[in-house]
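For reference, the structure is listed below as structure tokens.
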Amino acid sequence: MNRISIRSINKFAGSIPKPKPKPKPMNKPKPIRDEEAEYYRKFRETGKINWKHMPQLLKTRARGVLMIFGALPLVIVTGYELWRRLEGKSVKRVQRGELTDDRQVIPWDEEKIWQTERNSWYYKLFGRDYFLDGFTSDTMPKPKDVESSSSSPLKN
Numbered sequence: 001m002n003r004i005s006i007r008s009i010n011k012f013a014g015s016i017p018k019p020k021p022k023p024k025p026m027n028k029p030k031p032i033r034d035e036e037a038e039y040y041r042k043f044r045e046t047g048k049i050n051w052k053h054m055p056q057l058l059k060t061r062a063r064g065v066l067m068i069f070g071a072l073p074l075v076i077v078t079g080y081e082l083w084r085r086l087e088g089k090s091v092k093r094v095q096r097g098e099l100t101d102d103r104q105v106i107p108w109d110e111e112k113i114w115q116t117e118r119n120s121w122y123y124k125l126f127g128r129d130y131f132l133d134g135f136t137s138d139t140m141p142k143p144k145d146v147e148s149s150s151s152s153p154l155k156n
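Residues in the sequence shown are numbered consecutively from 1, following the UniProt record's numbering.
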């Protein structure tokens, strides 16, 4: 006859699955307050949004959606331009001259161009732009070419 001890029961107690918890009852929708009902009624009638009488929950969501739609073009355009810059298909434009009052262009020499570039806020924030020197992913030599060629554009 087998004897079941307390130790053997405790040993296997962790492997016994626990019963699943009962699902919580669904929350009943909150009744619409009178001022919210008035807002929705006017919205259905006119089709125009009245921001002053809009419920706070809707205001918060609407502002979030508007912020997302406002930020999307900015993120897409700047991301695309950065990608083009990294691929070497777009180069930062540099001021190369000056426009006089009678619409004549006075071209600058290289020293004046670089002086203007060094004094720009872009240069002060990010440092020298190597893409202006022609070092892009298309013009940089491949790693095997760097070893074989002695006149690499990366060497000073």
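From the three backbone atoms N, C-alpha and C, an ideal C-beta is built for every residue, glycine too.
Pick out whichever of the options has its Cα sitting closest to the Cα of residue i.
| i | options | result |
| --- | --- | --- |
| Glu111 | Lys124, Arg44 and Arg96 | Arg96 |
| Lys57 | Gln115, Trp108, Thr116 and Arg33 | The sequence as given places Leu at residue 57; Lys does not occur at that position. Checked all of Gln115, Trp108, Thr116 and Arg33; the closest Cα to Leu57 is Arg33. |
| Arg118 | Val77, Val94 and Trp51 | Val94 |
Here's the rule: buried if 16 or more other CB atoms are within 10 angstroms of the residue's CB, otherwise exposed. What is residue i?
| i | result |
| --- | --- |
| Tyr122 | exposed |
| Leu154 | With a pLDDT of 48 at Leu154, under the threshold of 50, the modelled position of that residue is not reliable, and no figure is offered here. |
If we ignore side chains and look at the alpha-carbon of each, how far apart do residue i and residue j end up?
| i | j | result |
| --- | --- | --- |
| Gly47 | Pro73 | 27 Å |
| Pro31 | Lys18 | 38 Å |
| Lys28 | Lys20 | 24 Å |
| Arg128 | Met67 | 34 Å |
| Pro107 | Thr116 | 13 Å |
| Arg44 | Pro25 | 32 Å |
| Val105 | Val65 | 46 Å |
| Asn156 | Arg103 | Model confidence at Asn156 stands at a pLDDT of 42, short of 50, so the residue's coordinates are unreliable; what they give is reported in the following sentence. So the alpha carbons of these two residues sit roughly 40 Å apart. |
| Gly88 | Tyr40 | 53 Å |
| Lys92 | Leu86 | 11 Å |
| Lys124 | Trp114 | 13 Å |
| Lys52 | Lys22 | 43 Å |
| Ala71 | Ser120 | 26 Å |
| Asn76 | Arg63 | What sits at residue 76 in the sequence shown is Ile, not Asn. Near 20 Å, if we compare the C-alpha coordinates of Arg63 and Ile76. |
| Arg61 | Trp83 | 32 Å |
With C-beta atoms as the reference, is residue i less than 8 Å away from residue j?
| i | j | result |
| --- | --- | --- |
| Glu36 | Pro55 | yes |
| residue 174 | Glu81 | Look at the range of the chain in this structure, 1 to 156, and you will see that residue 174 is not part of it. |
Throw me the rounded Cβ distance for the residue i and residue j pair, which I believe falls under 8 Å.
| i | j | result |
| --- | --- | --- |
| Asn50 | Lys59 | Actually they do not touch by this definition, with Cβ atoms about 11 Å apart. |
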